[in-house]
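Notes to accompany the following structure.
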DNA sequence: TATGATTTTAGAATTTTGTTCTGATTTGTA
DNA sequence: TACAAATCAGAACAAAATTCTAAAATCATA
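Protein chains in written order, with the numbering used here: chain A, 1 to 164; chain B, 165 to 328.
Structure below.
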């Protein structure tokens, strides 16, 4: 098709200590300046800049995101909802997935082992808003077998750091 | 104690449409320039800049983070581990929390309703590394009653967007 | 409905940061 | 050890963030 370098991220990129050092810092504060990072890692700005660029292109850094506090925007209730489907064939699974990811209340959807097929994390204002979601959005899907709602009492830890 | 303005974020800040617009953009791409945001929101740079600053100080924007792909750094296995404690008093609960959040493999810890007390999300390389964690770290805690491990087969959706 | 005070904004000026470039240094390989 | 390739330091440049001033809009009150 096309022999030129595509933007398809390569499957595996080898990262050394310097790359990991950069990732550690950017995970905690994506706004840290390249100069500051260079200082902390005993490097000049060029290698830091080039390494970041490479990791962005390779898909190691997927995104830079502002993390918003759900409580501050009236989305303080988190519910874990477990779901099993009636039909498990590809067609119905795809349809379920397509619809579930379109719900803005759903911040996470995992295909899991065990008793249930999926776990979704739902972020809403309060119990009324959850009921609204549960009845009018989730309840409208036509492939559900059964569900179970688990309510989050408090968030003990929530981090995006995977590099240490 | 101290009557001066502290860096304690106020409990509730009122956000208007412009603030929400800014949050929507920053959630998707924290590196978007203030100029670009201003253009899209039909504002000049100053109000955008000032509103961002306010939301940072108010704790609405908790953090700017580079989101790293776990698969690219050999942390491709996600496990949900459900835990009940033997002792449910404050002292033992605190001790458990203190220890569990210190484990770097634990990226999330939720205090939940239902059969279990906690759900933790564990991010590791493979089954060997999970066993290592399960036996030598989790297993060493002395207040566990019982646990259940649910393995994530695939991540369908994972977002930090809560503003729409 | 007018009016003064407060808040918010536009646009330019300044400062800081990101990005590129060149030559030197290091690293890997035979 | 010698050569080629990759990486890096430091300066130069471009672009962005941040600050400043004055104008406009908003709000509360008479």
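Backbone N, C-alpha and C fix where the C-beta goes; we use that ideal spot for every residue, glycine too.
Small disclaimer: the values here were computed from a predicted structure and weren't measured.
Contact annotation: the segment 69-80 of chain A touches the segment 121-135 of chain A, with at least three C-beta pairs closer than 8 angstroms. If you look at residue 179/B, you'll find it isn't in any alpha helix (DSSP H); DSSP assigns it neither H nor E. DSSP places residue 255/B in the uninterrupted alpha helix (DSSP H) bounded by 254-264. The beta carbon of residue 20/A sits closer than 9 angstroms to some beta carbon of chain B.
Residues of chain A with a Cβ closer than 7 angstroms to the Cβ of residue 278/B are, in chain order, 150. Beta-bridge partners of residue 271/B (DSSP): none assigned.
According to the DSSP assignment, residue 54/A belongs to the alpha helix (DSSP H) that extends over 45-57.
Separation of residue 297/B and residue 264/B (C-alpha to C-alpha, rounded to the nearest whole angstrom) is 11 angstroms. The Cβ atoms of residue 158/A and residue 229/B do not sit closer than 9 angstroms to each other. Nearest CB-CB separation between residue 225/B and chain A: below the 9 angstroms threshold.
Neighbours of residue 187/B in chain A, taken as residues at a C-beta separation under 9 angstroms, are given in chain order as 66, 68 and 73.
The criterion of a C-beta distance shorter than 9 angstroms is satisfied by residue 23/A and residue 61/A. Spanning the alpha carbons of residue 195/B and residue 39/A requires a straight line of approximately 22 angstroms.
Pairwise C-beta distances place the segment 305-321 of chain B in contact with the segment 102-116 of chain A, as three or more of them are shorter than 8 angstroms. A residue is called buried once 16 or more other Cβ atoms fall within 10 Å of its Cβ, and residue 63/A is buried on that count. With respect to chain A, the C-beta atom of residue 299/B has no partner C-beta closer than 9 angstroms. Contact check between the segment 244-263 of chain B and the segment 299-307 of chain B: three or more CB pairs, one atom from each, fall below 8 angstroms, which counts as touching. Going by C-alpha positions, residue 221/B is about 11 angstroms away from residue 214/B.
Counting only the Cα atoms, residue 327/B lies some 25 angstroms from residue 83/A.
Looking at 217/B, 320/B and 236/B, the one whose alpha-carbon comes closest to that of residue 110/A is 320/B. Contact residues of the segment 254-274 of chain B toward chain A are 261, 264, 265, 268, 270, 271, 272, 273 and 274 (C-beta to C-beta distance below 8 angstroms). For residue 294/B, no chain A residue has a C-beta closer than 7 angstroms to its own C-beta; the minimum C-beta separation is roughly 13 angstroms.
Pairing residue 209/B with residue 199/B, the inter-Cα distance amounts to about 6 angstroms. C-alpha of residue 282/B to C-alpha of residue 93/A: approximately 29 angstroms in a straight line. Spanning the alpha carbons of residue 207/B and residue 184/B requires a straight line of approximately 14 angstroms. Nearest C-alpha to residue 292/B among 238/B, 181/B and 267/B: 238/B.
For residue 88/A, there are no CB contacts under 6 angstroms within the same chain when 5 residues up- and downstream are skipped. By the neighbour-count criterion, in which a residue is buried when 16 or more other Cβ atoms sit within 10 angstroms of its Cβ, residue 17/A is exposed. Of the candidates 294/B, 318/B and 272/B, 272/B places its Cα closest to the Cα of residue 152/A.
At a cut-off of 9 angstroms between C-beta atoms, residue 48/A does not count as an interface residue with respect to chain B.
Our two residues, residue 212/B and residue 161/A, have alpha carbons roughly 29 angstroms apart in a direct line.
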